[in-house]
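Protein chains in written order, with this note's numbering: chain W, 412 to 804; chain F, 412 to 804. We treat Cβ as the ideally placed atom computed from N, Cα and C, and that holds for glycine.
2 protein chains.
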Amino acid sequence: MKINSNYLKLKDSYLFSLIAKKVDEFRNQHPQKDIIRLGIGDVTLPLVPAVVDAMHRAVSEMGNAETFKGYGEEQGYAFLRQAVCNYYAKKGIMIDIDEVFISDGAKSDLGNILDIFDTDNKVIIPDPVYPVYVDTNIMAGREIIFINGNVHNNFLPLPDESLDGDIVYICSPNNPTGAVYTREQLKIWVDWALERQAVILFDSAYEAFIQDNNLPTSIYQIPGAKSCAIEFCSLSKTAGFTGTRCGYTVVPFELERSNASLNKLWLRRQTTKFNGVPYIVQRGAEAVFTETGLKQIKDNIDYYIDNAGIIADTLTELGIWFTGGRNSPYIWLKCPNNMSSWEFFDFLLYNCKIVGTPGIGFGNKGEGFFRLTAFGKRQNVTEAMVRIRQTKF
Amino acid sequence: MKINSNYLKLKDSYLFSLIAKKVDEFRNQHPQKDIIRLGIGDVTLPLVPAVVDAMHRAVSEMGNAETFKGYGEEQGYAFLRQAVCNYYAKKGIMIDIDEVFISDGAKSDLGNILDIFDTDNKVIIPDPVYPVYVDTNIMAGREIIFINGNVHNNFLPLPDESLDGDIVYICSPNNPTGAVYTREQLKIWVDWALERQAVILFDSAYEAFIQDNNLPTSIYQIPGAKSCAIEFCSLSKTAGFTGTRCGYTVVPFELERSNASLNKLWLRRQTTKFNGVPYIVQRGAEAVFTETGLKQIKDNIDYYIDNAGIIADTLTELGIWFTGGRNSPYIWLKCPNNMSSWEFFDFLLYNCKIVGTPGIGFGNKGEGFFRLTAFGKRQNVTEAMVRIRQTKF
């Protein structure tokens, strides 16, 4: 019996436990101080009424023999997949219902998609980035090539001719940097992938936060992308589904590699190793895409985006370099005075009683940077900015 | 870019599409005939009131800022893991809350658990069996050794000294055969695994159907099992959760291989590639384990078991050999007159207007056998047995 020894190569992440430890220490020393958390990566506003109503109806259906639902199709009910198609159609993108796969969230699909690819593909991953991309590939023993985000490329790395790889992760709007690729930049990636028959795994979990109509909210807005990209979307941040669990992944029919349809491979993976999302949750997700639902979730997104704007305005005023904050709930700032990520964490905690997330937690190239998030309460965000303005950096 | 070429080795299953085609043909020829489906592998009774009430409350909580829940622990809320521990305690089995992992169902976990094992382990799989065991191992390119179920071993194969392998699947009560291992038989498997440091993947999805108090409902009722077995449970058939999606997997702390804790490896897999089960569903699952919930689901299980008993009694009376039907919702019968699985399918459809499932669909050793299920309506089961009694085999 041999275990998968690749698991032993994973680094334990002490990021959030170290944050908790430091906050506890501070609190023991200063029990009277009000700490404001701007590190939170989870939504705080409740589910919108359209979703709550739909789920109440679905729960009642499940308790009635006439309307009870047993197994559904693993890839999701047609009513929800059609709703996703309609949502794409509004962006000018036509996709077929069988190109849509409903899942319990982008995190699951981003990890599980690797099952359909050979382990000896070379994988390109931006640094800094959402740690799941790295860990899931270490687990499979794949070779990873990092491409660096930095101040010069605004944390939006692009390929050059020499870049070689089979699979590339792109997250836009990015977690943790909040940076968003333009159409022109995404076209460079698509052309690069088409030329090499590489596959782009496009993490679009934050697309609903994009305010600027010129920015792409789907990779399929770029010509040729259907032949080289899989897109992962989520209702977690869009509609407050972090605890309700529903996402969707698009695998276009055009996407073929080694003479095989990736759509069919993924269908086979999902029908074999997954049993679908709860009917109740799918009805809640369907409600998100109704006219009423879209209006209600927009109010919540606007609330978070306004929070982000308040943070961004303050940093601009103080002359602190940052990305994100306009089309994303994340603000990624350069630590003032060349402080390291953890030095700035301590500085902010002890001088402003604000907790954020050290950039080094998202990769080596995150050193010297820091993530703030817009998911908090308005009055806390405002108060935090007052404290930051009063601080001498 | 290389795809996972193991996927190309998977056989497409035409079982259920071929059944549908044959039923359609029959219906076109005999539009007036009432067909009774005894092939259905899905529950038909609705969720019990305790579960429906709990989920309504949880939906309301999700719509209120004060009680809203975002991300939960990937391995499940403590309230549900504790409820599972209490359920085990009633069986005389003490497990720790951190040995319990809540999931979206046994199918997902049975597939995903393979991630923590090296691909060059030898896997032992009974034939006939639930097809997921075979397909998930083909996907990973593992060597599979089949052990045969047959009339002589009552479809409960046991290891002999010569049997060599690293991972073995045991499903008891079995799908599709309905056969249940005794304590003495499971002890043979546990001793075999302990001696070789093999790991047993024990699929216990149908444990709640066991009526005979002498039969084990968990592998952990066998001494030593915590050092060699992972147990997969599900609320799908137990509580009608096939469309609600919740299961749980137990990975004991004692279970170590290659100096690594399988509990820690699985925790790492789940925290990296999974984001937990919906809060609403976990509250529904918690309600299953309350006194009221357990009483309500028992009524439903009794209904299915009584259906199974009606079928079993008829087959006994007719002298048809079968397993299952007493401690399981499945009845696995030997096709009369040495008919093949598909010959008997046609015979039953055209003579009795009954649809079942050909045994060959569950593996080569299922040829000549046939599965009936007890998930239908009582009056249909009774009417089906009248038709079978009137038929000359």
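- The shortest C-alpha to C-alpha distance from T784 (chain F) to any of F:I716, F:V797, F:E572 and F:G576 is the one to F:I716.
- Rounded to the nearest whole angstrom, the C-alpha separation of R694 (chain F) and Y761 (chain F) is 46 angstroms.
- Within chain F, V454, T455, L456, P457, L458, G651 and G654 have C-beta atoms less than 9 angstroms from the C-beta of F479 (chain W), given in sequence order.
- With respect to Y580 (chain W), P537 (chain W) sits close: the two C-beta atoms are nearer than 8 angstroms.
- Closest in C-alpha terms to K764 (chain W), from the list W:T727, W:I446 and W:A461, comes W:I446.
- In chain W, no part has a C-beta under 9 angstroms from the C-beta of F780 (chain F); the shortest such distance is about 23 angstroms.
- Taken in chain order, the unbroken stretches of beta strand (DSSP E) that lie wholly in the stretch 468–547 of chain F and span 3 residues or more are 511–514 and 533–538.
- Contact between the stretch 700–714 of chain F and the stretch 538–545 of chain F is absent, with fewer than three C-beta pairs closer than 8 angstroms.
- With fewer than 16 neighbouring CB atoms inside 10 Å of its own CB, Q790 (chain F) falls in the exposed class.
- In chain order, Y418 and L421 make up the part of chain W whose C-beta sits under 7 angstroms from the C-beta of R679 (chain F).
- Between P689 (chain W) and R656 (chain F), the C-beta gap is smaller than 8 angstroms, which places the two residues in contact.
- Apart from sequence neighbours up to five positions away, the residues of its chain that approach E618 (chain F) with a beta-carbon distance below 6 angstroms are T628, ordered along the chain.
- Within the stretch 669–696 of chain W, the residues whose Cβ lies closer than 8 angstroms to some Cβ of chain F are S669, A671, L673, L676, R679, R680, T683, K684, F685, N686, G687, V688, P689, Y690, I691 and V692, listed in chain order.
- In this model, Y499 (chain F) and L449 (chain F) are separated by some 32 angstroms (Cα to Cα).
- The Cβ atoms of F781 (chain F) and F804 (chain F) do not sit closer than 8 angstroms to each other.
- Between G704 (chain W) and D520 (chain W) a beta carbon distance of about 22 angstroms is seen, past the 8 angstroms cut, so the two are scored as non-contacting.
- Below the 8 angstroms Cβ cutoff, chain W contributes no neighbours of A494 (chain F), its closest Cβ being approximately 18 angstroms away.
- The stretch 452–467 of chain F makes contact with the stretch 473–485 of chain W, as at least three CB pairs between them are under 8 angstroms.
- A straight-line Cα-Cα distance of about 24 angstroms links E510 (chain F) and V462 (chain F).
- Non-local C-beta neighbours of L605 (chain W) in its own chain, meaning closer than 8 angstroms and more than five positions away in sequence, comprise G635, S638 and C639, ordered along the chain.
- N791 (chain F) sits in a helix when the DSSP states are folded into three classes.
- Taking Q493 (chain F) as the centre and dropping the five residues before and after it, the same chain places the C-beta of I508 closer than 7 angstroms to its C-beta, in chain order.
- Straight-line spacing of the CA atoms in W732 (chain F) and M412 (chain F) works out to 52 angstroms.
- The beta carbon of V662 (chain F) sits no closer than 8 angstroms to any beta carbon of chain W.
- Under the three-state reduction of DSSP output, K444 (chain F) falls in the coil class, being neither helix nor strand.
- Its Cα nearest to that of N559 (chain W), the residue W:D571 stands out among W:N548, W:D571 and W:A551.
- Of the candidates F:P769, F:L612, F:T734 and F:I556, the residue whose Cα lies closest to the Cα of M750 (chain F) is F:P769.
- Listed along chain F, the residues sitting closer than 8 angstroms to Q608 (chain W) by beta-carbon distance are M412.
- Between the stretch 642–651 of chain W and the stretch 606–625 of chain W there are three or more inter-stretch CB-CB distances shorter than 8 angstroms, so the stretches are counted as touching.
- The beta-carbon distance between I578 (chain F) and I414 (chain W), rounded to whole angstroms, is 11 angstroms. This is too long to meet the 8 angstroms contact definition.
- For the options W:V766, W:V792 and W:M796, the alpha carbon positioned closest to that of F437 (chain W) is the one of W:V766.
- Judged by DSSP secondary structure, W732 (chain F) falls outside any alpha helix (DSSP H); it is assigned neither H nor E.
- For the pair of segments examined, the stretch 416–433 of chain W was found to touch the stretch 541–554 of chain W: the number of CB pairs separated by less than 8 angstroms reaches three.
- Distance from the CA of F664 (chain W) to the CA of H467 (chain F), rounded to the nearest whole angstrom, comes to 39 angstroms.
- With contacts defined by Cβ atoms closer than 8 angstroms, T734 (chain F) and R800 (chain F) do not form a contacting pair.
- DSSP places S645 (chain W) inside the beta strand (DSSP E), whose first and last residues are A640 to S645.
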